[in-house]
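J.: A single structure is presented below for examination.
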Amino acid sequence: MSVLETVLDPEIPVVSIVDLGIVRGVRSDPPAVLITPTYTGCPATLAIEMAVRSALDEAGFGGVAIETVLSPPWSTEWISERGRAQLLAYGIAPPSGGAAKPGLRDHAAVACPRCGSHHTEEVSRFGSTPCKAQWRCLNCLEPFDRFKCH
Amino acid sequence: MRDDNALFEYALRLGDDSLILGQRLGEWCGHAPVLEVDLSLANFALDLIGQATLFLGVAGAVEGKGRDADRLAFHRDVLAFRNCLLVEQPNGDFAQTIARQFLFSTAQVALFDGLTASAEPRLAEIAAKAVKEVRYHAELAADWVIRLGDGTEESRTRMVDGIDWFWRFVDEMFEMDATERKLAAEGIAVDRSTLRAGFDAQVNAVMHEATLPLPEYPRPVLGGRRGHHSEHLGHLLATMQFLPRTYPNAVW
């Protein structure tokens, strides 16, 4: 597990894949690391697998397999408190509270990661990666990424 | 006894719907009317291709002939594709693309909601994963139907035309045949015919908000599930399959 904590997300290189909730756990017999994709089409999934592979190899765990598990599906609830704090420090508004509800309209006030103002608006539901939306702060006028509740 | 042929067929249908629509939406990349829409449609395409990879992976495993998702996507001819006709239709203008997306995603949310209870765990877990993404698609597409329908005279005309054109392909998304009836009886497939009333209610509500008239249902166009496709699919596959077929062992 401590080896995996050194593997950072390729798209958000300040948060480890453990803190993002991508690592589901490790199994001892036969040895395997269980990982789960955030979004089904997330292109980072392959990059993450390669990064895990090389981290394991370097730490001398060459025989450990990497298995993908889909169930239960990943949601933003899997992101740790530390992960949320790291996202915020990196300039990405972390998802607020629980996973998205079927209604999905998450119009709850989102704090700007730069100035902290709640006077913000959504610009686009889709952003630079599948997991983020584009927002804009109406106070400091800076655009920012928001990790979507999912 | 479990019928692996039927399950293979069903997984192909699910995977091909997502694959072909994902490929179509990819054509918008860099061409959408505004940046926000460009990002949205590219994200939809990505989600759909992710679903296709998983469903076709199941199909290949069930078939047991060593074909993986890539093999099924890139080395199958047009007659072997099992997607519905709606998804292979050309993008047309933006309103047509939105009409197609709205009808498809609204139906797909209902289908995946049902599929999460499938007796086949591999399908159930893909559906549970993907349904959260597809809800975004349905919601964004509905927003645009309303914005264009209740917009200018020009946008409204185009939205009416878009819905009108794609309306004929709706029935096929709810078509049941012997294969799916058998799987539905076993609790593996969703009985698509039971989803129709909910679909109609949702579509009617959005159309009402968009101040758009409901078109009459024309004679439905069917055949995709049996491999009877429009000529558009062949052209799409020619583009999509060119590289892996020309350089069969190409890797990234």
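For the record, the sequence lines run as chains A and B. Numbers 1 to 150, taken from the numbering used here, label the letters of the first sequence in order. Numbers 151 to 402, taken from the numbering used here, label the letters of the second sequence in order. Positions of the beta carbon are idealized from the N, C-alpha and C atoms, including for glycine.
What would DSSP say about B:Lys172, mapped onto helix, strand or coil?
T.: Sequence check: residue 172 of chain B is Gly here, not Lys. Looking at B:Gly172 - three-state DSSP - the assignment turns out to be helix.
J.: Whose CA, out of B:Asn233, B:Ala192 and B:Val310, lies closest to the CA of B:Trp178?
T.: Ranking the options by Cα distance to B:Trp178, first place goes to B:Ala192.
J.: Would a check of beta-carbon distances place A:Val123 closer than 8 Å to chain B?
T.: Yes - at least one Cβ of chain B is within 8 Å of the one on A:Val123.
J.: Can you tell me whether DSSP reads A:Arg105 as helix, strand or coil?
T.: Note that A:Arg105 scores 48 on pLDDT, short of 50, meaning its location in the model is unreliable and no value can be drawn from it.
J.: Beta-carbon within less than 6 Å of B:Ala119's beta-carbon, same chain only, minus the 5 sequence neighbours each way: which residues are those?
T.: No answer is possible for residue 119 of chain B: the residues shown for chain B start at 151 and end at 402.
J.: Can you list, in chain order, the stretches of the alpha helix (DSSP H) that have 4 or more residues and sit fully within the region 16-58 of chain A?
T.: If we require 4 residues or more, the alpha helix (DSSP H) runs fully inside the region 16-58 of chain A come out as 44-58.
J.: Any Cβ of chain A within less than 8 Å of the Cβ of B:Asn193?
T.: B:Asn193 counts as touching chain A.
J.: Taking B:Asp167 as the reference, which of B:Thr203, B:Gly180, B:Val184 and B:Val187 has the closest Cα?
T.: Measuring from the Cα of B:Asp167, the nearest candidate turns out to be B:Thr203.
J.: Can you give the beta carbon distance from B:Ala209 to B:Phe158, rounded, assuming they're within the 8 Å contact cut?
T.: B:Ala209 to B:Phe158, Cβ: 5 Å. Contact.
J.: Closer than 8 Å, CB to CB, is A:Leu70 near chain B or not?
T.: Chain B, which has a Cβ nearer than 8 Å to the Cβ of A:Leu70, makes this yes.
J.: Using a Cβ-Cβ distance under 8 Å, would A:Phe156 count as near chain B?
T.: Residue 156 of chain A is absent from the structure shown; chain A starts at 1 and stops at 150.
J.: Closer than 7 Å between beta carbons: that is the criterion. Which residues of the region 124-138 of chain A meet it against chain B?
T.: Of all residues in the region 124-138 of chain A, Ser124, Arg125, Phe126, Gly127 and Pro130 have a Cβ within less than 7 Å of some Cβ in chain B.
J.: Considering only residues of the same chain and omitting the five flanking positions on each side of A:Glu11, which have a CB-CB separation below 6 Å?
T.: Closer than 6 Å at the Cβ level, and outside the excluded window around A:Glu11, lie Ala44 and Thr129.
J.: Considering only DSSP beta bridges, list what A:Ser124 is partnered with.
T.: Per DSSP, A:Gln134.
J.: Going by CA-CA distance only, name the one from B:Ala211, B:Gly264 and B:Gly176 that's closest to B:Asn155.
T.: Comparing Cα-Cα distances from B:Asn155 to each of B:Ala211, B:Gly264 and B:Gly176, the minimum goes to B:Ala211.
J.: Taking B:Thr256 as part of the alpha helix (DSSP H), name the residues at either end of that continuous run.
T.: Unbroken alpha helix (DSSP H) run through B:Thr256: Phe244 to Leu265.
J.: Do B:Ser190 and B:Ala245 come within 8 Å of each other at the CB atom, strictly closer than that value?
T.: In this structure, B:Ser190 does not lie closer than 8 Å to B:Ala245 by Cβ.
J.: Show which residues of chain B have a CB atom less than 9 Å away from the CB atom of A:His119.
T.: None at all; the shortest Cβ gap to chain B is about 21 Å.
J.: Out of curiosity, what's the CA-to-CA distance linking B:Gln201 and A:Cys42?
T.: Those two C-alpha atoms are separated by around 11 Å.
J.: Looking only at its chain, what residues have a beta carbon closer than 6 Å to the beta carbon of A:Arg136, apart from the 5 residues adjacent to it on each side?
T.: So the qualifying residues of the chain are Glu121, Val123 and Pro143.
J.: When burial is assigned at 16 or more other CB atoms within 10 Å of the CB, is A:Glu67 buried or exposed?
T.: A:Glu67 is exposed by the Cβ-count criterion.
J.: Of all the options B:His385, B:Asp300, B:Thr344 and B:Ala335, which has the alpha carbon lying nearest to the alpha carbon of B:Leu261?
T.: Cα-wise, what sits closest to B:Leu261 is B:Thr344.
J.: Quick one: grab the DSSP three-state call for A:Ile92.
T.: If DSSP states are grouped into helix, strand and coil, A:Ile92 belongs with the strands.
J.: Please name the residue in A:Glu81, A:Ala32 and A:Ser71 whose C-alpha comes closest to that of A:Gly63.
T.: Nearest of A:Glu81, A:Ala32 and A:Ser71 to A:Gly63, Cα basis: A:Ala32.
J.: For the alpha helix (DSSP H) that B:Ile199 lies in, which residues bound it at each end?
T.: It spans Leu185 to Glu213 - the alpha helix (DSSP H) in which B:Ile199 sits, taken as one unbroken run.
J.: Are the C-beta atoms of A:Gly21 and some chain B residue less than 8 Å apart?
T.: False, the Cβ-Cβ gap to chain B never drops below 8 Å.
J.: Mind checking the region 164-190 of chain B against chain A and listing, in chain order, the residues whose C-beta falls within less than 7 Å of any C-beta there?
T.: Answer in chain order: Glu186, Leu189 and Ser190.
J.: Measure the beta-carbon distance from B:Ala360 to B:Phe316 and round it to whole angstroms, keeping in mind my assumption that it falls under 8 Å.
T.: In fact, because the Cβ distance is near 15 Å, the residues do not count as touching under 8 Å.
J.: Could you spell out where the beta strand (DSSP E) holding B:Ile338 opens and where it closes?
T.: That residue, B:Ile338, is in no beta strand (DSSP E); it is neither H nor E in DSSP.
J.: Please compile the residues from chain A whose C-beta is within a distance smaller than 7 Å of the C-beta of B:Glu275.
T.: Under the 7 Å cutoff, chain A gives Leu70 and Ser71.
J.: Mind pulling the chain C residues with CB within less than 9 Å of A:Thr76?
T.: Within the model displayed, chain C is absent; protein chains A and B are what it includes.
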